[in-house]
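Visitor:
Residue numbers (this note's numbering), protein chains in the order written: chain A, 4 to 437; chain B, 86 to 340.
#1: Check each candidate in B/177, B/195, B/281 and B/150 and name the one with the smallest Cα separation from residue 167 of chain B.
#2: Can you check whether the CB of residue 234 of chain A is closer than 8 Å to the CB of residue 409 of chain A?
#3: Mind checking residue 406 of chain A: buried by the 16 CB within 10 Å criterion, or exposed?
#4: Give a yes or no on contact between the stretch 298-317 of chain B and the stretch 132-151 of chain B, applying the rule of three or more CB pairs nearer than 8 Å.
#5: Assign residue 260 of chain B to one of two classes, buried (16 or more other C-beta atoms within 10 Å of its C-beta) or exposed (fewer than that).
#6: When Cβ atoms are compared, which residues of the stretch 252-268 of chain A fall closer than 9 Å to chain B?
#7: Pull up the CB-CB distance for residue 132 of chain A and residue 274 of chain A, whole angstroms please, since I reckon it's below 8 Å.
#8: State buried or exposed for residue 162 of chain A, treating a residue as buried only when at least 16 other CB atoms are found within 10 Å of its CB.
#9: How would you list, in chain order, the residues of chain A whose beta-carbon sits under 8 Å from the beta-carbon of residue 251 of chain B?
#10: In whole angstroms, what separates the C-alpha of residue 84 of chain A from that of residue 149 of chain A?
#11: Measure from the C-beta of residue 247 of chain A to each C-beta in chain B and report whether the shortest distance is under 8 Å.
#12: CA-CA distance, residue 175 of chain B and residue 205 of chain B?
#13: By the three-class DSSP mapping on this structure, what secondary structure does residue 225 of chain A have?
#14: Name the chain B residues that come within less than 7 Å of residue 235 of chain A, Cβ to Cβ?
#15: Tell me the DSSP bridge mates of residue 198 of chain B?
#16: Which one or two residues does DSSP pair with residue 190 of chain B in a beta bridge?
#17: Compare the Cα-Cα distances from residue 251 of chain A to each of B/318, B/123, B/336 and B/138 and report the closest residue.
#18: If contact means a Cβ-Cβ distance below 7 Å, which residues of the stretch 226-251 of chain B contact chain A?
#19: Can you find a C-beta in chain A that's less than 8 Å from the C-beta of residue 305 of chain B?
#20: Cα-Cα, which of A/116, A/12, A/57 and A/107 is closest to residue 351 of chain A?
#21: Of all the CB atoms in chain B, is at least one closer than 8 Å to the CB of residue 273 of chain A?
#22: Quick one, which residues of the stretch 400-416 of chain A are near chain B if we go by CB-CB under 9 Å, in chain order?
#23: Taking 8 Å as the cut-off, does the stretch 175-194 of chain A touch the stretch 62-78 of chain A (at least 3 CB pairs, one atom from each stretch)?
#24: If I follow the unbroken beta strand (DSSP E) through residue 234 of chain A, where does it start and stop?
#25: Shorter than 8 Å from the beta carbon of residue 84 of chain A to some beta carbon of chain B?
#26: In angstroms with no decimal places, state the Cα-to-Cα distance between residue 304 of chain A and residue 310 of chain A.
#27: Roughly how many angstroms separate the alpha carbons of residue 124 of chain B and residue 91 of chain A, rounded to a whole number?
#28: In chain B, what lies closer than 7 Å to residue 90 of chain A by C-beta?
#29: According to DSSP, is residue 302 of chain A part of a helix, a strand, or is it coil?
#30: If we ignore side chains and look at the alpha-carbon of each, how far apart do residue 200 of chain A and residue 136 of chain A end up?
#31: For the stretch 233-273 of chain A, which segments carrying the alpha helix (DSSP H) assignment without a break, of at least 4 residues, lie completely within its bounds, in sequence order?
#32: Would a check of beta-carbon distances place residue 70 of chain A closer than 8 Å to chain B?
#33: What are the partner residues of residue 36 of chain A, as DSSP defines its beta bridges?
#34: With C-beta atoms as the reference, is residue 87 of chain A less than 8 Å away from residue 414 of chain A?
#35: Could you tell me the distance, in whole angstroms, from the CA atom of residue 227 of chain B to the CA atom of residue 268 of chain A?
#36: CA-CA distance, residue 225 of chain A and residue 335 of chain A?
As structure tokens, this is what we get:
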């Protein structure tokens, strides 16, 4: 990693004292990237771009927003009606939150499919889970700010979850609220924290990138790069590919902003918060629905609870722990999955279970969107059980019993020999015949 | 191919989740209506907007406020500056305190928000048998089914089906959740004499005032759709060019 000779004397002068240009050269022009990344690898940089869009639009919104229960709702409507292009900025921010979660969920499931969490990328994965948790906190806080009915009642339901903690639960909730219900002090601190957390997010993302650049991206085949024939420099190959992907992303994202800006929202949030009137059906934003379903799965007659946990805690507390546990379990995934093979392409059984998990998450989301009654109760309980069984039972067992297909010897070899076609078919075909 | 199919399935499932999220617990099917402001290039019909304002002003405004809309906004739907001044001046609003420290009444000005029919929510309830007539500024965005629901509600007053009793002082409405609605049928044949001589049927008035309230909820809609076309066309061309650049850069890389 010798420093390049810069021709421009000003750049040379600066770089000698502050090696930003050497750094950029090293991390972009020299940074070796597997040559066979598919478009599923676009979503990491997309998430970074959405974060920038969110911060930029959020800073402008904060200039016009009033974090007071008496004015918050109207100040948002003032942005929509009287601020120049305020509607555009707010719809970008509102739909940006949904876009952020779509992009990040795809990014996470790509990691699950291709075993991106395995050695030596365990910390990279764990930092990613920290990013997800920070994002979720930020999104929850932000949803409260417009002070609509769902803002208020969502905040009431979620903060009340902490009351399930034995002994100190109630004092914690009072402390979170800054009073005895969700009220002006709550709104004030939520605004403050909603402004703070995105910058924390930027910091964690930088650490995520540092961990990424230590060993570089994984790849669809899941074997390490074994020499220059396996990799290409990030710039220009992946910069241009990411730019194209960004164009496609913005086409979809902006279609929603301009033509269906309230598609992902709840109509109830256009009714100003009213502490005296509970909406008939409180639902969180769509990206929290699977977690909401897990929370509500824990009833007194849910066997997993009544057989194993009822002697220890209330169903409410078990639900809260399970909801947070559904994400915390991801922290342990690198050690729960003992299979030495990364990519699901060479793991015939894991691949099936991956798709089942994805379907399970959609089922959880669907249950979370519906009232907890009738068939939705047992469907949610089955789906919750399966979610945890996937990570705690199926994945560890697969690591022991699954017989993976033989791996190709290198990333580049089959490509360069076979010529033409995608790596996927070129690399996998001989194995499938064997 | 397989990959595309899976991707399509995921998108479809996601859409299904999102739409169940927003239409959950929807018992009655709301009929789809055609509106001039539907679609990528939709605009509000100015005639319908002005007639709709007349219906709001003569009928709805007796009970329902429109507190997020200002009189000056009426110029956006084709009223002249003088007409707006006249419309505003017909309402009295409280201002002050004056130099003597007293609040006083004065005619509303174009810069004022629509004057609410009641001084506060309690007064509104007291005058309406305990029921609160909600503000209409965001009604189209605040109800599942949006503007279609509004039209269905206003034209959905019927005799209750056999066996269904409606509490005293309430009316039966086919589309209101629970069917018992405190608002009496707001529109009656010829209830408004339209300035442009359009025949004021219940259906006509309902469509007009729905259009007006759709505008009140989303006054930016026309600007949004106009800008959207330009932005998406630009992006489409840019993305196409980026794809060409990507192809060119990757030409010599076997992958």
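Note that beta-carbon positions come from the ideal geometry of N, C-alpha and C, so glycine has one too. Because the structure is a prediction, the values reported are computed rather than measured.
Guide: Taking the geometry as given:
#1: B/195
#2: no
#3: exposed
#4: yes
#5: buried
#6: 253, 254, 257, 258, 260, 261, 262, 264, 265, 266, 267 and 268
#7: The pair is not a contact, with the Cβ atoms about 35 Å apart (cut-off 8 Å).
#8: buried
#9: Near residue 251 of chain B there are no residues of chain A at all, since even the closest Cβ is about 20 Å away, more than 8 Å.
#10: 14 Å
#11: yes
#12: 20 Å
#13: coil
#14: 338
#15: B/155
#16: B/179
#17: B/318
#18: 226, 227, 228 and 229
#19: yes
#20: A/116
#21: yes
#22: 415
#23: yes
#24: 234-236
#25: yes
#26: 9 Å
#27: 18 Å
#28: 305 and 309
#29: coil
#30: 11 Å
#31: 237-262
#32: no
#33: A/235
#34: no
#35: 10 Å
#36: 20 Å
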